[in-house]
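Here the structure is laid out as structure tokens; the discussion comes afterwards.
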Amino acid sequence: MFIGSIDGGGTKVLTAVMTETGQILARRQASVPTADYAAYFARCAEMLGACAEEVGMRLEKLAGVGASLPAMTDGRDRVLGSPSAGWGAFSVRPLLVPALGMGTGRVFIENDVNACAMAELRFARGGDNFIWMTVSTGIGGAVVADGRLVRGAGFCAGEIGHVKVEFEHPRLCGCGGYGCLEAQASGTAIARLAREAGLDADAKRCAELAGQNNPVARAVLAQAGRHMGRALAMTANVLNPERVYIGGGVAHSLELLLPSIREEFERGVLPQCRNVVIEQTRLGYEAALFGAAAVCLEGLGC
Ligand SMILES: [Zn+2]
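Following our numbering, the numbering of the sequence shown begins with 101 at its first residue and continues without gaps.
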């Protein structure tokens, strides 16, 4: 079986034709502006068309198409909004279905972090109870409990990035609240902390400097790590997961963050919930692309 995957990021789009076991047969990547969402999805379909052509098949012959999007969604067809992409609410199928030339019941969408968790379940190590946390420009989360993705009453479950972790000197978050994990420990927050400490470094550079034992960079990462540990402890007390998978660019610095994550986690977690493995996802850069495939396969009932 061949399926189409679209990883629709806020700055770049990845598309692929894949098998149902997650083998990538053809792949395209491009930066696509999100401002005009009709044009955005037309471009996604065009890129997937190029992948299909490369493997010598027509788009409509794909069993289905899944798209992981940087947005809250209803897990089927509707985008409910995306601050990062600048999107309001709209239906995706009327945009994608005609461009793909396939039936409405074969096109599926999902929030990108939920999609990553679904990929972890289907293609990687998974487990029945885990938290997926993406740490990049912002911080996103997804929850799998008792073997199922938790979507919530309004499809907003798992927003670990907006758990409040700082009360003494809380920072303003993109959501309008103060002291959210995202405002204290995302890649953007790490760069800001570094700048305030007199270090001209983004999150990646800060990690490099910390790796070279720069004390300022180490202190910045330790602070971000403590906030992550605090949010994870609160979440673990509610959900009792067995694992936490960390993805996103900042996940590459997990080794440097982990001591402070673990220390603060231990302080906040119940003894009965403390047995949690915190590790980097093995899905890597293409986690959300595999996620889109997982979304498609689940939608098709496979
Ligand atoms: Zn927030």
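Even glycine gets a Cβ: it sits at the ideal position worked out from N, Cα and C. Fair warning: this is a prediction, and the values are worked out from it, not measured in the lab.
Measure the CB-CB distance between residue i and residue j and report whether it falls below 7 Å.
{"i": "MET118", "j": "SER105", "result": "yes"}
{"i": "ASP107", "j": "ALA392", "result": "yes"}
{"i": "VAL395", "j": "GLY226", "result": "no"}
{"i": "ALA257", "j": "VAL235", "result": "no"}
{"i": "PHE255", "j": "LEU196", "result": "no"}
{"i": "THR115", "j": "MET147", "result": "yes"}
{"i": "ALA185", "j": "GLY277", "result": "no"}
{"i": "CYS144", "j": "VAL113", "result": "yes"}
{"i": "GLY348", "j": "ARG251", "result": "no"}
{"i": "VAL377", "j": "ARG343", "result": "yes"}
{"i": "GLU210", "j": "THR173", "result": "yes"}
{"i": "VAL263", "j": "LEU293", "result": "no"}
{"i": "LEU309", "j": "ALA317", "result": "yes"}
{"i": "PRO170", "j": "ASP136", "result": "no"}
Going along the chain, which residues of its own chain have a beta-carbon closer than 7 Å to the beta-carbon of residue i, five neighbours each way excluded?
{"i": "ARG337", "result": "Here the sequence assigns Asn to residue 337, which means Arg is not the residue at that position. Answer for ASN337: VAL369, LEU370, CYS373, listed in chain order."}
{"i": "GLY311", "result": "LEU356"}
{"i": "GLY215", "result": "One point to set straight first is that residue 215 is Ala, not Gly, in the sequence displayed. Contacts found: SER168, ALA388, GLY391, ALA392, ALA394, VAL395."}
{"i": "GLY188", "result": "GLY181"}
{"i": "PHE267", "result": "GLY279"}
{"i": "GLY399", "result": "GLY164, GLY166, PHE208"}
{"i": "CYS402", "result": "GLU120"}
Assuming residue i contacts residue j (C-beta within less than 8 Å), just tell me the rounded distance between them.
{"i": "GLN380", "j": "ALA351", "result": "5 Å"}
{"i": "GLY241", "j": "ILE231", "result": "6 Å"}
{"i": "MET218", "j": "ILE346", "result": "So it is not a contact: roughly 17 Å between Cβ atoms."}
{"i": "ARG271", "j": "GLN284", "result": "6 Å"}
{"i": "ILE339", "j": "ASN229", "result": "In the sequence on display, residue 339 carries Leu and not Ile. At roughly 7 Å, the Cβ-Cβ gap stays under 8 Å, so LEU339 and ASN229 are in contact."}
{"i": "GLU120", "j": "LEU397", "result": "6 Å"}
Based on DSSP bridge pairs, tell me the residues matched to residue i.
{"i": "TYR241", "result": "A quick correction: the sequence has Gly, not Tyr, at residue 241. DSSP output for GLY241 lists MET233 as bridge partner(s)."}
{"i": "GLU92", "result": "One cannot answer for residue 92 here, as it falls past the ends of the chain, which runs 101 to 402."}
{"i": "TYR140", "result": "Answer by DSSP bridge pairing: none, since TYR140 is not bridged."}
{"i": "GLU120", "result": "Per DSSP, none; premise fails for GLU120."}
{"i": "SER286", "result": "Answer is none; SER286 lacks a bridge partner."}
{"i": "ALA394", "result": "Answer is none; ALA394 lacks a bridge partner."}
{"i": "THR335", "result": "Answer is none; THR335 lacks a bridge partner."}
{"i": "SER105", "result": "ALA116, GLY166"}
{"i": "ALA130", "result": "VAL113"}
{"i": "PHE45", "result": "Nothing can be reported for residue 45: it is not among the residues displayed for the chain, which extend from 101 to 402."}
{"i": "CYS402", "result": "None; CYS402 has no bridge partner."}
{"i": "GLY347", "result": "THR234"}
{"i": "VAL377", "result": "ARG343"}
{"i": "LYS264", "result": "CYS280"}
{"i": "ARG248", "result": "ALA245"}
{"i": "LEU370", "result": "Answer is none; LEU370 lacks a bridge partner."}
{"i": "LEU272", "result": "TYR278"}
Comparing the CB of residue i with every heavy atom of ligand 3, is any distance shorter than 6 Å?
{"i": "GLY277", "result": "Here the bound small molecules are ligand 1; ligand 3 is not part of this structure."}
If you drop the 5 nearest sequence neighbours on each side, which residues of the same chain put their C-beta closer than 8 Å to that of residue i?
{"i": "LYS161", "result": "PHE102, ALA152"}
{"i": "ARG326", "result": "SER360, ILE361, GLU363, GLU364"}
{"i": "LEU159", "result": "GLY104, ALA145, LEU148, GLY149, ALA152, LEU200, GLY201, MET202"}
{"i": "ASN314", "result": "LEU299"}
{"i": "LEU358", "result": "GLY325, ILE378"}
{"i": "CYS58", "result": "Absent from the structure is residue 58, since the part of the chain shown begins at 101 and ends at 402."}
Excluding five sequence neighbours on each side, which residues of the same chain lie with their C-beta closer than 6 Å to the C-beta of residue i?
{"i": "ILE239", "result": "GLY261, LEU281, GLU282, SER286"}
{"i": "CYS273", "result": "CYS280, GLU282, ALA283"}
{"i": "ALA303", "result": "GLY287, ILE290, ALA291, VAL350"}
{"i": "ALA322", "result": "SER360"}
{"i": "SER353", "result": "ALA307"}
{"i": "PHE223", "result": "GLY122, PHE390"}
{"i": "ARG206", "result": "GLY164"}
{"i": "VAL155", "result": "VAL117, LEU125, ALA126"}
{"i": "PHE190", "result": "VAL179"}
Original post:
Looking at C-beta atoms only, is the number of pairs between the region 149-156 and the region 125-132 that lie closer than 8 Å three or more?
Top reply: Contact check between the region 149-156 and the region 125-132: three or more CB pairs, one atom from each, fall below 8 Å, which counts as touching.
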